[in-house]
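Structure record follows, encoded as structure tokens.
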Amino acid sequence: MEVPSMPRPVPFPRTIFNPALSSVDATENLSMNDPPPEQEKLQEEHDLEDDAFKDDEEEKSVAVPSAEELEKMAEEERVAKERAAQRQLMSIRELVESERNYLRMLQVSTVTIRSNLQKLQPPLANLDSMFLYVEGVMDVSSRLLSLLDQKQLQPEEPLFLEVLCDAFLSLSSDIEAAYKEYLTNYNCVTVVENSYKQKEALWDQIVEVIKTSAPEVNASSLSFFLVMPVQRIARYPLLLQTIQKHIGAGHPAYTLLEKTAHTSIAINCRINEYKRFREVADKYKKSETLSIMDKINRLNSRSIAKKTARIGRFIKHETGMVTKLVDEEFDTLESFFNVLEDGILQLLDNVELYLHHLRTFLNCKTEEFDLDMDGEKAPICYKEITTGLRQWILPEFEKRMRTLIHKPLCALRDLLAGPRNLIRKRLHKLLDYEVIEAKTALSYEEQAIANTYRTMNTLLLNELPKFNSLALQMIWSMLGTFSCLHRDLASDLEQLFQSFAQQLAHSSLDTRVFWEWAETAVLEEARRLDTLAQSVEETLLRPTSQPLNSSSHQRLQLLTIKHSSDKIYQVVSAVVGSRDLDLNLAKGELVAVISQADTRGDQRRWLVDAGGPRGYAPASRLIRYHQAEQEPPPSPHLSLPQDVTVTRRHSYTAGLPHTTTTAAGVAFSQPCFQVYAAYGFAARGNHEVSVAQGEPVRVLEPHDKRGSREWSLVEVRGRQRGYVPSNYLAVAPVAGTLATRQPSC
38 MEVPSMPRPV PFPRTIFNPA LSSVDATENL SMNDPPPEQE KLQEEHDLED
88 DAFKDDEEEK SVAVPSAEEL EKMAEEERVA KERAAQRQLM SIRELVESER
138 NYLRMLQVST VTIRSNLQKL QPPLANLDSM FLYVEGVMDV SSRLLSLLDQ
188 KQLQPEEPLF LEVLCDAFLS LSSDIEAAYK EYLTNYNCVT VVENSYKQKE
238 ALWDQIVEVI KTSAPEVNAS SLSFFLVMPV QRIARYPLLL QTIQKHIGAG
288 HPAYTLLEKT AHTSIAINCR INEYKRFREV ADKYKKSETL SIMDKINRLN
338 SRSIAKKTAR IGRFIKHETG MVTKLVDEEF DTLESFFNVL EDGILQLLDN
388 VELYLHHLRT FLNCKTEEFD LDMDGEKAPI CYKEITTGLR QWILPEFEKR
438 MRTLIHKPLC ALRDLLAGPR NLIRKRLHKL LDYEVIEAKT ALSYEEQAIA
488 NTYRTMNTLL LNELPKFNSL ALQMIWSMLG TFSCLHRDLA SDLEQLFQSF
538 AQQLAHSSLD TRVFWEWAET AVLEEARRLD TLAQSVEETL LRPTSQPLNS
588 SSHQRLQLLT IKHSSDKIYQ VVSAVVGSRD LDLNLAKGEL VAVISQADTR
638 GDQRRWLVDA GGPRGYAPAS RLIRYHQAEQ EPPPSPHLSL PQDVTVTRRH
688 SYTAGLPHTT TTAAGVAFSQ PCFQVYAAYG FAARGNHEVS VAQGEPVRVL
738 EPHDKRGSRE WSLVEVRGRQ RGYVPSNYLA VAPVAGTLAT RQPSC
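Everything in the sequence shown is counted per our numbering, starting at 38 for the first residue and increasing by one.
This is how it looks when you write it as structure tokens:
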């Protein structure tokens with residue numbers, strides 16, 4: 038049986054009474070049917086009027102606040118402006134006051150603490166290197182504060198901020214130059230301080246000095262003060278941006294402050310980039326002197342592969358298989374650097390040779406010799422002038438030469454090693470870079486290789502022109518100094534000579550007549566000196582080529598086989614090597630000349646072969662060796678029986694006796710022994726004499742002027758006298774009559 042459902046009640050529509058609506062509209066809203074279009078339009082108009090009325094009421098309520106509200110709003114606005122102005126003033130004062138305190142702390146560390154540390158005994162090693170470049174940082178900081186103090190403005194004044202920004206911008210380049218050098222050298226500060234800390238007693242003394250010198254600062258190390266420039270340069274952007282945040286965009290100095298903040302950020306970026314470049318330069322500019330074992334220990338599969346790839350790439354460049362990456366700007370700089378390096382080294386060699394000759398002249402004290410000319414004015418004046426030169430003028434000139442020219446040239450030569458190593462390392466990195474240049478995607482290691490090459494190339498392009506320019510300026514300056522030193526020397530000499538010129542006999546002559554007399558006297562003395570030199574050479578000059586001993590024959594044969602006979606030279610005096618690749622040679626040693634100049638074209642050093650080792654020897658110590666037609670075997674020195682005495686020759690004059698007398702009174706009417714030439718010998722100078730094989734000779738002295746028995750003075754046909762090698766002579770007995778006479782009482 039179904040239960041009948043209850044009828045659903047008809048819902049009554051909920052309406053909101055609106056007096057603006059008419060009764061017709063209200064009746065129509067009670068029904069479920071849609072209103073007609075006329076009524077709908079009328080309803081919309083009434084709704085719009087109602088909304089407009091409500092908006093007018095709300096606007097009247099907002100636009101007309103009470104007096105209390107207006108006063109409260111004005112107070113809040115005034116407080117906000119005062120707070121912003123206070124924050125702005127505090128940020129400006131923080132920058133200025135922190136700069137003053139920062140400069141004061143640097144002055145305490147570099148003046149007070151440094152001077153007290155220098156008093157410690159023993160002196161601290163490398164103390165000055167810790168304070169390197171800090172003076173430049175202090176200078177730019179004091180200049181910045183000085184520019185602010187010159188205007189005599191207070192931080193609360195509106196123009197103070199503009200003055201601050203102008204001062205910072207005007208010193209921006211100096212700030213960057215000072216801080217980048219200091220920050221690059223800061224690693225040295227930590228290294229030196231750590232070396233002090235390793236010695237406990239020394240470090241305790243340093244800490245005590247620091248605390249005593251600056252008791253108001255709770256510092257216990259030098260790095261507490263010396264790290265301040267590192268922190269300060271990074272705080273400039275933060276301080277400037279803080280000031281910028283507390284001023285509005287409508288402030289007169291807002292644009293200038295924004296530019297200053299950007300400049301400080303750019304300075305920090307450039308300093309970081311410069312420091313990175315310097316780290317790369319310090320890494321690759323050092324020249325390592327490794328032993329063979331160290332080089333072997335460094336070998337591994339990675340290094341071998343890298344070096345093999347470089348060699349292969351270099352061979353491909355030289356053979357034209359691949360094109361080389363060309364940088365014309367760098368090639369020009371490198372060529373100029375090479376020319377500059379050669380000029381510096383040659384100038385240094387010439388200055389050292391000049392100083393050597395000057396020292397040789399000073400060591401030859403001619404004024405101390407007795408000239409047997411007492412009472413004459415000229416020798417007395419000469420002695421006085423030479424004494425003044427040797428004791429005052431020339432030593433001072435030499436000292437200035439070494440200080441102003443030689444020492445800077447040596448320092449400049451040492452500085453060439455860094456750029457030279459960087460240029461060589463750049464070539465190696467270029468070969469690595471060319472291998473990976475064509476790749477589109479690079480690995481982490483390949484990207485590091487590319488970055489290293491670009492960094493080194495950029496570093497050389499930026500720094501090498503500066504180095505070349507400064508080195509060239511130093512060379513010109515030293516050449517100008519060299520000229521000034523000689524001008525001062527000439528002035529001192531003129532002053533010295535004038536004090537003695539009045540005492541000479543020719544001081545009253547006219548200038549033209551005096552120079553004619555001086556020229557004639559000099560030429561005459563030169564001729565006399567040349568005649569004396571020739572006489573001494575003919576009389577005392579010993580044979581230049583020494584006879585060979587038994588050990589030299591084998592070397593002579595070896596050198597003759599390897600080189601032609603016209604390239605065989607003999608060492609006339611001992612040679613001690615003073616440079617790399619120089620040989621140590623004994624007197625009389627045979628060598629073969631390979632080249633009559635070194636790699637730089639210097640013809641004073643010859644490349645020679647000493648029968649095994651090859652190296653350089655001075656050309657002045659070598660003379661061509663003239664080989665005899667038939668080289669005799671080693672033979673003993675010429676000797677006579679002990680009971681026969683040969684008359685000693687005391688001079689080259691003729692009229693020597695042809696008979697000899699023994700101590701027992703035995704006289705020989707003719708010699709019992711005949712000396713003859715066992716081998717032919719051709720004379721090579723006036724001091725030697727030519728003999729034919731088997732020709733009889735007469736021995737005057739069985740040695741030379743220096744007592745060497747390798748040469749003998751003989752007399753041959755026509756009473757010609759000269760030296761021949763002793764081992765070219767032989768002695769043979771000759772039959773003769775022996776006459777005996779009684780000695781006289």
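C-beta atoms are modelled at their ideal positions from N, C-alpha and C, and glycine is treated no differently.
If only complete runs of 3 or more residues are kept, the region 576-658 shows the beta strand (DSSP E) at 605-608, 627-632, 642-646 and 651-655, in order along the chain.
Ranking Ala204, Ala485, Trp554 and Thr492 by CA distance to the CA of Ile460 puts Thr492 first. About 6 Å separates the Cβ atoms of Cys418 and Leu541, confirming a contact at the 8 Å cut-off. When secondary structure is reduced to three states using DSSP, Phe710 falls in the strand class. In this structure, Gly455 is the residue among Asp547, Gly455 and Lys466 with its C-alpha nearest to the C-alpha of Phe504. If you draw a straight line from the Cα of Asn723 to the Cα of Tyr653, it comes to about 31 Å. In this structure, the straight-line span from the alpha carbon of Lys248 to that of Trp240 is close to 12 Å. Cβ contact annotation for Asn163 (same chain, cutoff 6 Å, sequence separation greater than five): Val229, in chain order. In this structure, the CA atom of Arg120 is about 15 Å from the CA atom of Arg130.
At a Cβ-Cβ threshold of 8 Å, Pro432 and Met515 do not count as neighbours. Non-local C-beta neighbours of Glu483 in its own chain, meaning closer than 6 Å and more than five positions away in sequence, comprise Ile473, ordered along the chain. Under DSSP, the beta-bridge partners assigned to Tyr760 are Glu725 and Leu750. When DSSP states are grouped into helix, strand and coil, Leu276 belongs to the helix group.
Counting C-beta pairs closer than 8 Å gives fewer than three between the region 152-166 and the region 266-282, which falls short of the contact rule. Judged by DSSP secondary structure, Pro733 falls within the beta strand (DSSP E) whose first and last residues are Pro733 to Glu738. Going by DSSP, Ala346 is part of the alpha helix (DSSP H) stretching over Ser338 to Thr356. Using a Cβ distance threshold of 8 Å, Tyr765 and Phe710 do not count as a contacting pair.
Per DSSP, the unbroken beta strand (DSSP E) holding Ala767 starts and ends at Leu766 to Pro770. In the structure shown, Phe398 falls within a helical segment according to DSSP collapsed to helix, strand and coil. Each of Pro739, Glu747, Trp748 and Val753 was checked against the Cα of Val728, and the nearest Cα belongs to Val753. With contacts defined by Cβ atoms closer than 8 Å, Ile605 and Ala629 form a contacting pair.
By the neighbour-count criterion, in which 16 or more other beta carbons inside 10 Å mark a residue as buried, Pro762 falls on the buried side.
Taking all protein chains in view, the Cβ of Ile329 is surrounded by fewer than 16 other Cβ atoms within 10 Å, so the residue is classified as exposed. In the three-state scheme derived from DSSP, where H, G and I count as helix and E and B as strand, Phe168 is classed as coil. The C-alpha of Leu277 lies about 20 Å from the C-alpha of Asn309. Looking at Ser657, Glu725, Lys344 and Ala111, the one whose alpha-carbon comes closest to that of Asp469 is Lys344. The bridge partners DSSP lists for Ile660 are Gln607.
Under the criterion of beta carbons closer than 8 Å, Arg642 and Pro655 qualify as touching, at roughly 6 Å. Per DSSP, the continuous alpha helix (DSSP H) segment holding Lys332 begins and ends at Ile329 to Arg335. In this structure, the beta-carbon distance from Trp554 to His543 falls below 8 Å. The C-beta distance from Val768 to Val734 rounds to 11 Å, too long to fall under 8 Å, and the pair is not in contact.
The count of Cβ pairs closer than 8 Å, one atom from the region 286-301 and one from the region 201-210, reaches three, so the stretches are in contact. With a minimum length of 4 residues, the unbroken runs of alpha helix (DSSP H) contained wholly in the region 140-187 fall at 151-154, 164-167 and 171-187.
Residue pairing by DSSP places Phe718 opposite Val728 in a beta bridge.
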